[in-house]
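Everything below concerns the one structure shown next.
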C-alpha cells in the first residue's frame, strides 16, 4: 500500500472520544457477508490516512468501508470494533508507527473472526515478507496497491486462490483517481488534508525507502487542479502536500502555487516539502507573493557534511541549501522546518554539532533533530560498525563514528530542544538562552540540568520555566529582572495562561527556588 506521511505524539481518549475517533465511512449497502473493511491505524487523530483514501478511491466496483483508529487505542478495542462489523475481508496498512499494534491486533482478529481474510500492505511489510506478522496474513501486497487490492478482493470474494505474497506493479498515476471525494466534511473541519501530486524522490539516500523506487512520477496537473478545486469549494483552507520534493520540477511547482494565489483563499496554509537548493528565480518570484506564514516549508537537510552526504548517496550542496533556507525564512517569510539526522555513517558528534550550528545561522523556524533508523529493505545497516535496535522504530544504537553514549546524549538534547525551542512556548527566554558562539554547548548544559531533575519527556511548562529561570541566573549572563520579564512575557503570551508561578512574581523575583 502507498506510504502515508508524518507522525507524532498521541493523546489518550476516554470512551466517548474513542467512539468519536473510530471513523467509519460507509460507501454502499453491502450485506454483512460481503463486507470489505479498510483499516487505518494513524499516528494521531489529526492525521487522516491518505493511503487508505487513495485505495478507497480506486476500488472501482468493489466499495469498501473505512475504519480509522489511533495507535493509542488498545488492540483489544480495535479488534472488538472490527469484529462487530462481521467483515469478509480486512485490509490494513503497516507502518513504522503502527506495526507493534498490528502485530497484537492480527492474532486477536484471528480468534474473533476466524473466517475473515486479512490483507496486509505498506512499507513495513513489503520488505519483511518472511516475518511472523506476514505469515499470519492471507495475502501480503508488496508495493503500491491501488490496482492490486481490488483484484485481490474480487478473487477472494469469488473463492479463488490468492497468492500469499503479491508483488504489485507500479500503477500509472494518470490512471488513478485522486482521493479528494473520500475526505468527509468532518475531515475538512478537524483534520489535516493530505494532497499527493507525485510519488518518489530524486534522492537515493541509503536509509530511505524512496531509494528503492524508480525516481519520481507525477499525477497530471489537470487532475491535481480538479482535486484542489473540489476541496477549496468545500471550504478547505489548509493543504499539506506529501510530495517528497515539491519543487523538483520548478515549472510544475510554480503552476500549483499560482493556482493558490489566483484562488485567494482566506487564512491559507500550505505545507510543502522542498529542496532548498533548487529555488529557481521563477519559483522565488511566486513564493514572495504569499502572505507571511502562509507557507510552511519542510526540508530534509540530514547532514551538512559533503563527505557524509556522499556516503549515503545524497547530492551534496550544503552552501546552496543554507542559502535557500535563509531566503525562505527571511525573504519569503515562510515557516521553515529543517531536519538533521544523528548517527549517519561517518558523522562524528563534532561534525553533527558543527552542522547544527551552521543550520542555526540560516534561521529556520524549527530544527528537527532526528536519529537514524534502519527501515526494512534499506541497506544502511550493512555499513561496518552500525548497530540498530531490532524493534520499531529501529533506531541506531551505535554508529561507526558516534558511540552509544554520544547518541544517547544527542537524543536527550533533541527531546528538550523540541519541547523548549521548537514548540515556541518560550520565544523571548530562548533568545536569552541561545546567545553566544557555542549554542550547542549552552543548550546541552541546560538539557543536562533539566534531565537530571525532570527526565526527558512529559515535562510541564512550569517546570521548564523554573529550570530556565535557575539556569540563566546561574549563567550570570543576564540580570534577574531581564530573565524574569522574558519568562513572564512568554508565560502569559496570547492569553494562554493567566496566573504566574510564584517564582516569577515581581515581589519574589530575587528568590531562586530549588
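Numbering (our numbering), first residue to last: 25 to 538. Where a beta carbon is used, it is the ideal one built from N, C-alpha and C, also for glycine.
Please determine, among the options, the residue with the shortest C-alpha to C-alpha distance to residue i.
i           : options            : result
residue 139 : 60, 244, 455, 402  : 60
residue 505 : 488, 487, 527, 433 : 527
residue 542 : 267, 355, 142      : This structure cannot speak to residue 542, because the chain is shown only from 25 to 538.
residue 121 : 174, 184, 65       : 65
residue 469 : 481, 492, 329, 252 : 492
residue 197 : 220, 216, 184, 299 : 220
residue 99  : 83, 90, 125        : 125
residue 75  : 184, 85, 201       : 201
residue 227 : 250, 218, 268, 79  : 268
residue 347 : 308, 79, 319, 318  : 308
residue 415 : 72, 262, 127, 430  : 127
residue 434 : 460, 366, 465, 480 : 366
residue 161 : 184, 319, 129      : 129
residue 287 : 265, 274, 253      : 253
residue 447 : 345, 155, 94, 361  : 361
residue 199 : 81, 266, 301       : 81
residue 274 : 305, 457, 289      : 305
residue 499 : 444, 473, 482, 386 : 473
residue 333 : 110, 379, 529      : 379
residue 195 : 176, 216, 172      : 172
residue 86  : 408, 182, 407, 67  : 182
residue 436 : 193, 410, 458, 483 : 483
residue 290 : 317, 277, 464      : 317
residue 233 : 109, 337, 431      : 337
residue 342 : 364, 356, 215      : 364
residue 62  : 114, 105, 263, 479 : 114
residue 335 : 292, 263, 408, 277 : 408
residue 544 : 123, 170, 177      : Lying before the first or after the last residue shown, residue 544 is absent from the chain, which here runs from 25 to 538.
residue 159 : 529, 131, 428      : 131
Below 8 Å on the Cβ atoms is my contact criterion, and I expect residue i with residue j to pass it. Report the Cβ-Cβ distance as a whole number of Å.
i           : j           : result
residue 400 : residue 349 : No, residue 400 and residue 349 are not in contact; Cβ-Cβ is about 31 Å, not under 8 Å.
residue 369 : residue 424 : 6 Å
residue 384 : residue 391 : 7 Å
residue 271 : residue 299 : 6 Å
residue 294 : residue 319 : 5 Å
residue 540 : residue 203 : Any answer about residue 540 is impossible in this case: the structure gives the chain only from 25 up to 538.
residue 345 : residue 381 : Contact doesn't hold; Cβ gap of about 15 Å is too wide.
residue 496 : residue 458 : Contact flag wrong, Cβ pair sits at about 11 Å.
residue 218 : residue 276 : Between residue 276 and residue 218 the Cβ distance is about 18 Å, and since that is not below 8 Å, they are no contact.
residue 84  : residue 193 : Their Cβ separation, rounded to whole angstroms, is 16 Å, which puts residue 84 and residue 193 out of contact at 8 Å.
residue 215 : residue 70  : 5 Å
Could you please give me the residues that DSSP links to residue i through a beta bridge?
i           : result
residue 308 : Paired residues: none, contrary to the question.
residue 419 : 397
residue 223 : 241
residue 361 : 322, 390
residue 144 : 116, 164
residue 63  : 91, 116
residue 412 : 420
residue 262 : 293
residue 216 : 71
residue 126 : Note: residue 126 sits in no beta bridge, so no partner.
residue 191 : 166
residue 366 : 395
Measuring from the CB of residue i, is there a heavy atom of the ligand FMN at a distance below 6 Å?
i           : result
residue 451 : The ligand FMN is not part of the structure shown, which contains no ligands of any sort.
* **4 or more residues per run - each alpha helix (DSSP H) lying fully within the region 421-483** => 428-441, 451-457, 463-478
* To do: Say whether the region 181-188 touches the region 211-227, bearing in mind that this needs 3 or more beta-carbon pairs closer than 8 Å, one atom from each stretch.
  => no
* For the 8 Å Cβ check, are there 3 or more pairs between the region 431-448 and the region 478-490? -> yes
* Asked: How about the region 374-385 and the region 189-207: do they share at least three Cβ pairs that are nearer than 8 Å?
  -> no
* Asked: Do the region 166-173 and the region 123-135 make contact, defined as three or more Cβ pairs closer than 8 Å?
  -> no
* To do: Decide if the region 297-317 is in contact with the region 275-285; the criterion is three or more beta carbon pairs, one per stretch, under 8 Å apart.
  => yes
* Asked: Taking contact to mean at least 3 C-beta pairs separated by less than 8 Å, is the region 229-237 in contact with the region 254-262?
  -> no
* Asked: Is the region 410-424 close to the region 244-254, with three or more CB pairs under 8 Å?
  -> no
* Asked: Given 8 Å as the limit, is there contact between the region 506-515 and the region 443-455, that is, 3 or more CB pairs closer than that?
  -> yes
* Asked: Do the region 143-157 and the region 393-410 touch if we need at least three Cβ pairs shorter than 8 Å?
  -> yes
* Touch check for the region 352-360 and the region 318-328: three-plus C-beta pairs under 8 Å? -> yes
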